[in-house]
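What follows is a short report on a single structure.
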Amino acid sequence: MKTSITASNAAFGAKIKLRNSNKLISFWCLHLAYLSYGPYAANNKQVTKIEQILRGENPEARNGRQNNIEELLKVPEFAKAVKKADEIPLIVSGDLNTPSHLDWIEENKDIHGGWVVQWPATYILQTKTGLIDSFREIYPNPIKTPGITWSTINQFSGSEWDYTIPEPLDRIDYIFYKCKQLKPINTFIYAGNEKLQQIPNHSKNDYPSDHFALITDFSYDL
Numbered sequence: 052m053k054t055s056i057t058a059s060n061a062a063f064g065a066k067i068k069l070r071n072s073n074k075l076i077s078f079w080c081l082h083l084a085y086l087s088y089g090p091y092a093a094n095n096k097q098v099t100k101i102e103q104i105l106r107g108e109n110p111e112a113r114n115g116r117q118n119n120i121e122e123l124l125k126v127p128e129f130a131k132a133v134k135k136a137d138e139i140p141l142i143v144s145g146d147l148n149t150p151s152h153l154d155w156i157e158e159n160k161d162i163h164g165g166w167v168v169q170w171p172a173t174y175i176l177q178t179k180t181g182l183i184d185s186f187r188e189i190y191p192n193p194i195k196t197p198g199i200t201w202s203t204i205n206q207f208s209g210s211e212w213d214y215t216i217p218e219p220l221d222r223i224d225y226i227f228y229k230c231k232q233l234k235p236i237n238t239f240i241y242a243g244n245e246k247l248q249q250i251p252n253h254s255k256n257d258y259p260s261d262h263f264a265l266i267t268d269f270s271y272d273l
């Protein structure tokens with residue numbers, strides 16, 4: 052494995068040599084800003100304008116998720132990986148801490164506080180690079196297959212209210228890809244084999260994360 056730490060605070064990239072082959076995969080892992088989680092604003096009844104929701108994606112006081120993606124696109128190593136994706140397959144995965152623009156559509160706005168939102172982090176990442184969302188490639192209908200990854204144990208929030216307030220659950224973890232020879236053949240979420248207890252009774256769960264894992268199997272024509 053050849054590693055490459057980038058100039059982006061939200062991304063780490065590596066080139067991985069496939070076993071028994073001279074082929075390489077360019078693999079990038081992202082973790083975007085977690086503050087001002089968009090669905091909280093979307094489900095706040097005092098929010099009346101889309102600009103209020105989107106302000107959390109691109110705040111003036113700090114780097115938000117939109118800033119993270121715009122910064123990533125300027126990283127020379129990443130730009131090169133995008134440009135050469137048909138020669139060296141590119142996979143970009145991670146916790147983006149934002150829903151997808153592919154999911155918050157007119158047909159399901161009733162479960163999203165009444166909003167249709169073009170979430171900028173996923174929209175900019177995909178439209179500027181040509182990266183494909185592997186989960187939505189296989190399951191294009193967000194109503195039939197929402198693919199929720201947040202959260203395994205935070206399905207109710209607010210200790211002050213004895214965890215009786217539903218948490219806005221959403222798909223915020225992704226595996227994107229770009230390469231004509233790379234095809235997703237299966238994708239699913241995973242959280243162990245035992246029933247998970249919710250916060251505050253989660254300490255003995257066999258699965259350690261508050262996110263579901265997202266797994267995508269690819270076929271690659273060598």
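With the sequence shown counted from 1, adding 51 to any position gets you this note's numbering. Just so you know, even glycine gets a beta-carbon here, dropped at the ideal spot from N, CA and C. Being a predicted model, the structure only gives us computed values, none of them experimental.
Within 10 angstroms of the beta-carbon of V167 lie fewer than 16 other beta-carbons, which makes it exposed. Secondary structure at D146: strand, using DSSP grouped into helix, strand and coil. Here the segment 243–256 does not lie against the segment 186–193, with fewer than 3 beta-carbon pairs under 8 Å apart. DSSP places N237 in the uninterrupted beta strand (DSSP E) bounded by 233–241. Boundaries of the beta strand (DSSP E) harbouring K229: 224–229, taken from the DSSP string. Residue environment analysis places A132 among the buried positions, since at least 16 neighbouring C-beta atoms fall within 10 angstroms of its C-beta. Counted as a single uninterrupted DSSP element, the stretch harbouring A62 is not any alpha helix (DSSP H) but the beta strand (DSSP E) occupying residues 62–68. Residue Y271 holds the alpha-carbon nearest to the alpha-carbon of N237 among G243, Y271, Q248, I250. A straight-line Cα-Cα distance of about 10 Å links G209 and I250.
In the displayed model, T267 falls within a strand according to three-state DSSP. For the 8 Å CB-CB criterion, L124 and K179 form a contact.
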